[in-house]
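Here the protein sequences come in this chain order: A, B, C and D. Per full-length UniProt numbering, numbering through the first sequence is continuous, rising by one, with the last residue being 401. Per full-length UniProt numbering, numbering through the second sequence is continuous, rising by one, with the last residue being 401. Per full-length UniProt numbering, numbering through the third sequence is continuous, rising by one, with the last residue being 401. Per full-length UniProt numbering, numbering through the fourth sequence is continuous, rising by one, with the last residue being 401. Ideal placement from N, C-alpha and C gives every residue a C-beta, glycine not left out. Notes for the one structure printed next.
Number of protein chains: 4
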Amino acid sequence: MSTHDNVLRVGMVGYAFMGAAHSQAWRTVNRVYDLPAQVRMALVCGRDEPKVAEAAARLGWDGHTTDWRRLVESDEIDVVDICTPGDSHCEIALAALAAGKHVLCEKPLANTVEEARQMTAAAARARTAGVRAMCGFNYRRVPAVTLMRRLVADGRLGEIRHVRAVYLQDWIVDPQFPLVWRLQKDRAGSGALGDIGAHIIDLTQYVTGQLITGVSAVTETFVKERPLPAGSSGLAAQADGNGRATGPVTVDDAAVFVARLDGGALATYEATRFATGRKNALRVEINGSKGSVVFDLERLNELEFLDATRPSAEQGFSRILVTEPEHPYLSAWWPPGHIIGYEHSFTHQMRDFVEAVATGVDPTPSFADALQVQLVLDAVTRSAERAAWTEVEPALAELAA
Amino acid sequence: MSTHDNVLRVGMVGYAFMGAAHSQAWRTVNRVYDLPAQVRMALVCGRDEPKVAEAAARLGWDGHTTDWRRLVESDEIDVVDICTPGDSHCEIALAALAAGKHVLCEKPLANTVEEARQMTAAAARARTAGVRAMCGFNYRRVPAVTLMRRLVADGRLGEIRHVRAVYLQDWIVDPQFPLVWRLQKDRAGSGALGDIGAHIIDLTQYVTGQLITGVSAVTETFVKERPLPAGSSGLAAQADGNGRATGPVTVDDAAVFVARLDGGALATYEATRFATGRKNALRVEINGSKGSVVFDLERLNELEFLDATRPSAEQGFSRILVTEPEHPYLSAWWPPGHIIGYEHSFTHQMRDFVEAVATGVDPTPSFADALQVQLVLDAVTRSAERAAWTEVEPALAELAA
Amino acid sequence: MSTHDNVLRVGMVGYAFMGAAHSQAWRTVNRVYDLPAQVRMALVCGRDEPKVAEAAARLGWDGHTTDWRRLVESDEIDVVDICTPGDSHCEIALAALAAGKHVLCEKPLANTVEEARQMTAAAARARTAGVRAMCGFNYRRVPAVTLMRRLVADGRLGEIRHVRAVYLQDWIVDPQFPLVWRLQKDRAGSGALGDIGAHIIDLTQYVTGQLITGVSAVTETFVKERPLPAGSSGLAAQADGNGRATGPVTVDDAAVFVARLDGGALATYEATRFATGRKNALRVEINGSKGSVVFDLERLNELEFLDATRPSAEQGFSRILVTEPEHPYLSAWWPPGHIIGYEHSFTHQMRDFVEAVATGVDPTPSFADALQVQLVLDAVTRSAERAAWTEVEPALAELAA
Amino acid sequence: MSTHDNVLRVGMVGYAFMGAAHSQAWRTVNRVYDLPAQVRMALVCGRDEPKVAEAAARLGWDGHTTDWRRLVESDEIDVVDICTPGDSHCEIALAALAAGKHVLCEKPLANTVEEARQMTAAAARARTAGVRAMCGFNYRRVPAVTLMRRLVADGRLGEIRHVRAVYLQDWIVDPQFPLVWRLQKDRAGSGALGDIGAHIIDLTQYVTGQLITGVSAVTETFVKERPLPAGSSGLAAQADGNGRATGPVTVDDAAVFVARLDGGALATYEATRFATGRKNALRVEINGSKGSVVFDLERLNELEFLDATRPSAEQGFSRILVTEPEHPYLSAWWPPGHIIGYEHSFTHQMRDFVEAVATGVDPTPSFADALQVQLVLDAVTRSAERAAWTEVEPALAELAA
């Protein structure tokens, strides 16, 4: 470990939504968990100096910079936490790994398979020097999700037959919602698919222990032109009927696909930003030969579990309130029934990351895991274009973590 | 109307599960609703004389027969109610329509598109003589479903963007469950797809007022060989490890598909008999630009409705208990909050059928409506075989009701 | 048994809401269950000749009368089914028992303890001649309620510590709702207390197998004066601001009380017609040392059961869909997941009543059971008047069934 | 304000469950909210030096002490945060107020009415010198609770008719659970009543804007003797059958009561630690003439609201996901649908406390508000002893905040 005196000095690139969530987690993790290293929130980076200075003060970072290369190369930094849009993940991660820094990179790993392959190869090389890399699929650390994984791994569901996963949001239903970066392909890579679809792909593969092998997909952009955001520039603008500048939406609003998993299960997936009334509805149901589980991120402290080996007259989906000390991550928090929130998944992620780095083991999900998600995203995109069943391209064996 | 003295004399073919449900409805409909005709439960038909005699006595039919042709041609019958497996629907319906009898035929309309086309053509011809034909997609008459249709038709959901529909059961998860007729292609036409998938296809098309135009599908048979039922014959039997005779499952256990609707919506569908713990979970969610609805057949007295035109701080899915006198079909039943059950959908169906026949209008869903469902089922099957997006074949215009 | 040729000839007094529900059940019971006797719907009685004639035709009774004494004394009647308001229960029941007729009497058994004592004594006398009497607490025969009872009786809840029971309705929230008979003490005995409070008293005593020993109660009449119903007469009318005739509400709108049960449990009860938005919300939760159960009449096909002997990490309230063949009453109905409704509780009640009468055993709840409920209602009323803890008066031992 | 350079230096007494929750909130509040003062976590106090030193390091306090008087009197402290058991609240608060320190005192305010009166009088005196005092009924700051209050205050519920409130836990169902301080009257004042009953009393009075005027109560101690905790001393110990030392439980395990509110509503309350399977189930339903609300602390991001002014066919309880920027406290947190947890209520509490102190206004709930809760607790205890309706004693007018 390149920590000094059991301190991990973190440098974070990006300070918007994800940056705020990560900051809360870095700040909290040592207050809740006994860990072999102490986190120091050393440096935060952003392009706009006054804003990043304000963010550093508010979020509690010791310093700030507008030059991510300086952050990445600084001797005062042990960990680089990448919270930027997807188009800069690859460049920053490659530089950080080359500089011998441990990397935590937000999901999706990259905007393209090619970038993800480069990053995975770089992580594999860096690993030989004891440098660790992890991708931030934080929902794996929601206790109910970890519990689902445990139930499947313990054989409690038997043979998995069905996965149905949706991630439903509604924040762009209004056609007057502006053309933010998440709606631009060059920045975001894809739309609902990569932003939230990536989460349900990773989560279901993680929970089932199975990989998606092929898909049939349809994608749609319901609103094809949107007003430019105030202060935007560099976009090919048109004018709408009211004379306002508009630009084309270049990503999907929604993506739906059916899939097969390598363990024999059938699956359906849906990622959309047009599910009116659904705010953050990541919902997963998994049916196996011996039982089923149901999870809903809007009620993330709960897991429904049906144990089909119980007597028929007593079977039912049990609403487990996942707040007991026996549950993953929870012995350090509050008494049973005192629920936790969205942000706690990041604290749990930082807990495992810090522990892995400090003890010299590889954190998960690895970049190779995240590359596999990227390959599924790519297969979805190609299937939608080809209007045909499309196999997921294999990751090269030498890249596997 | 071919009724005598405002009496509709019904002859029912088949007396198993569907026959019992229909009997309960025929017996009840005039006790609850004021209708222009009285139903007489005249004759029931089955192949096994002692059993059909017992059924007639128990279910309350005046007479019984083992010869469906005699029933269909009898001068004492005005309505033929077809409750047999799908492989006999076409022959019986054609004969009944030819004999000038009104026909109520269980769903799916037929086992093949070709049969459904013949039946639809026959219904169109018979219609010119005042003979009525209807297909028994009874869930259209669940009050909450009818209310959903009303909300969509009134524009309360705005433009429909998403349909997600599942019909989940689990009665054949056990590989020792025997090879009953519903698992044999020659009798049932298809498996989960035609049995329960047909319901969600019809229901969502009915509620949205849109038709499915194309699909990408995957189907699966998880358990490929099953024990023969006691007393079965005529099946190509093999023997399993315990020396018991087994036979091949020739239908799908599960079918999943993505689809487009002609109004621009994306949809996902899943029909399965392997969703452990789900007994009769027909669940539909529809998202529009102005609102959303959610329905679950296991809680059929409830409808969730989100009205996105309400102030943001008050928006939420409202659990409407669909038991008010203002709700469809309910003014004749119990006071608010006193729930109804599965069987009531049949009573409502008989109510509308009797009224239509007695007043000389066409009941819905027509055979043409049911043919359209059959065409979707066919597209699903072909898509799964071809591993490609498959357009739904159009019904010929001259057959449209 | 006084049946002839295994036929039970039923005469029903009253044909309004309860009469319609009972008729549906009498009509259905032999169609669903194999029973040792066949029900004949022989005679229905009401005060208004044209109306009762219409009701007889619609509900399917062979004959009608306006003279309940004629019905009660008729040689053509074996069973008298009393569906009138509470003020006539006693007189009719006493006459029927005296005439040797089996009696099924709607709840609450009577309007006063004195009447209930008379009826219970009469039932005890009649019993020696093989005449059976039962009170219509139909919710005991909701399958989920019967299942709750079974779980408690099997020791699955351990020692009962808490009962919380509410019965919430809202049909008189509007102060312009008229002064119907249920709001008049001389007709109804009491308001929410006797009408719906009686149900939760009986249900919780039945399920726990424990009796309420004392109560502290508060009752309230929120709207003290209401418009007279159209066509009403004989009420001491006043006139409101709009010149409409009004009269005083002489019963409680709501009653709340805490109680102790003889097995050591603490309990809370609430019966109200002013719970805006609650239509028929009979909800019961019972906590024991080993488990808990929750029931809601608006979702009467479901029972929540928590088994505290399960591993802590898996404990949760299981939503049992009470539609399996192993569940009470359900093997005769539809496949799993196909739900039943409110009216089915009456069919189940008639099933057990017919079987008891036909085989010469006493049906439950007996008049003595119903007297005990009346004694609790009386204690509640006295406690509210005295503003003090009030013991439930014991039923005399010689009356116990 | 006695802050220096817009810094509020906090000294916290006690560092167990409540101390950890408060620490997390003090640490977070300035990271999330823009406030007129910055919190400094200056000093934490506990009796055991090594333990408090460890707690200070872990929870992030600058210093620690074992002498609460030193903390209270220190010139380096502006705010005293009291997180100790109830028996020391009065002494510490009086000393802190006398020393001119702002006080945040955990609930219940005190173990007796007499103490609460002294504290309220002291707060009233200190207030004249600009010293602020607040009691920590943190659930007022759960956004859904604040939203309930807003709906009632805006008249959306109309006239309040019913309150039903329970607070259900189950952590001492096991009779072998040891005799911790919360089960000893001299330390805790009362059992479930003061610990969790106090919360529902305060919450419902806050939300309705009405005060409880009288109660009829029953309390119970189901398990009367428990094993002494390891290392306990000073308790009058007996020995159980296994030779283990046991002692008497001197507080209530459960308390149930009916009540009247000064605006005319009827209410039921239940606080228990014996509701098997209920971990932290604070549930409140309020029915008014125009609408109803329902809240459950185990799903604290949700509020159910029924608006009875909506058309009858569309009425239903709406599940509002209280995570919108328009909702109380939420614009500073995550995007809609990203839920918050139990601990956030403390952050919100600290936000309002800091703002009140920094801007020189009185925070709520005041000590006078908390005294009123204490008077209700006292009436409940007396009612249970007297077995009679008991009026809540009025707070003296001169003490009102």
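Since residue i is in the beta strand (DSSP E), which residue starts that stretch and which ends it?
i, result
"R161 of chain C", "160 to 168"
"R40 of chain D", "38 to 45"
"residue 404 of chain D", "Any question about residue 404 of chain D goes unanswered here, given that chain D covers just 1 to 401."
"E76 of chain C", "Looking at the DSSP string, E76 of chain C is not in any beta strand (DSSP E), and its letter there is neither H nor E."
Within 8 angstroms (strictly less), CB to CB, does residue i reach chain C?
i, result
"residue 412 of chain A", "Residue 412 of chain A lies beyond the stretch modelled for chain A, which goes from 1 to 401, so this question has no answer here."
"H162 of chain A", "no"
Using only the alpha-carbon positions, how far apart do residue i and residue j sit?
i, j, result
"G277 of chain B", "F305 of chain A", "10 angstroms"
"V346 of chain D", "T250 of chain D", "Val is not the amino acid found at residue 346 of chain D; the sequence shown has Phe there. Their backbone Cα atoms lie some 30 angstroms apart in a straight line."
"A217 of chain A", "I196 of chain A", "16 angstroms"
"Y167 of chain A", "V258 of chain B", "16 angstroms"
"E343 of chain B", "A21 of chain B", "6 angstroms"
"F295 of chain D", "M12 of chain D", "31 angstroms"
"L235 of chain C", "K107 of chain C", "Low per-residue confidence applies at L235 of chain C: pLDDT is 49, beneath 50, and the placement is therefore not dependable, though the value from the model is reported in the following sentence. Approximately 25 angstroms between the Cα atoms of the pair."
"E302 of chain B", "V322 of chain B", "5 angstroms"
"D378 of chain B", "D252 of chain B", "13 angstroms"
"F317 of chain B", "P311 of chain B", "13 angstroms"
"residue 425 of chain D", "G341 of chain D", "Here chain D comprises residues numbered 1 to 401, so residue 425 of chain D is not present and cannot be evaluated."
"A384 of chain D", "V215 of chain C", "12 angstroms"
"H199 of chain B", "H348 of chain A", "44 angstroms"
"A122 of chain B", "T204 of chain B", "26 angstroms"
Please classify residue i as buried or exposed, where buried requires at least 16 other C-beta atoms within 10 Å of its C-beta.
i, result
"Q176 of chain A", "exposed"
"A400 of chain D", "Caution applies to A400 of chain D, whose pLDDT of 49 falls short of 50 and renders its modelled position unreliable; the model cannot decide the point."
"K224 of chain D", "exposed"
"D307 of chain B", "buried"
"P50 of chain C", "exposed"
"E398 of chain B", "Confidence in E398 of chain B is poor, its pLDDT being 44 and thus under 50, which makes the residue's placement unreliable; the coordinate value appears in the next sentence. By the 10 Å Cβ count, E398 of chain B comes out exposed."
"residue 430 of chain A", "Residue coverage of chain A in this structure runs from 1 to 401, which leaves residue 430 of chain A outside it and unanswerable."
"G264 of chain C", "exposed"
"A16 of chain D", "exposed"
Under 8 angstroms, Cβ to Cβ, is there at least one residue of chain A near residue i?
i, result
"A165 of chain B", "no"
"F295 of chain D", "no"
"R125 of chain D", "no"
Taking only beta-carbon positions, decide if residue i is within less than 8 angstroms of chain D.
i, result
"S318 of chain B", "yes"
"W334 of chain A", "yes"
"F222 of chain C", "yes"
"residue 434 of chain B", "Here chain B has residues from 1 to 401 only, and residue 434 of chain B is not among them."
"T272 of chain A", "no"
Determine whether the Cβ of residue i lies closer than 8 angstroms to any Cβ atom of chain B.
i, result
"L168 of chain D", "no"
Taking the alpha helix (DSSP H) that residue i falls in, what are its first and last residues?
i, result
"D202 of chain C", "198 to 208"
"F222 of chain C", "Unbroken run through F222 of chain C: none, as it is neither H nor E."
Hey, residue i and residue j are a contact pair by Cβ (cut 8 angstroms); roughly how many whole angstroms apart?
i, j, result
"G337 of chain D", "A255 of chain A", "Not a contact, Cβ separation roughly 19 angstroms."
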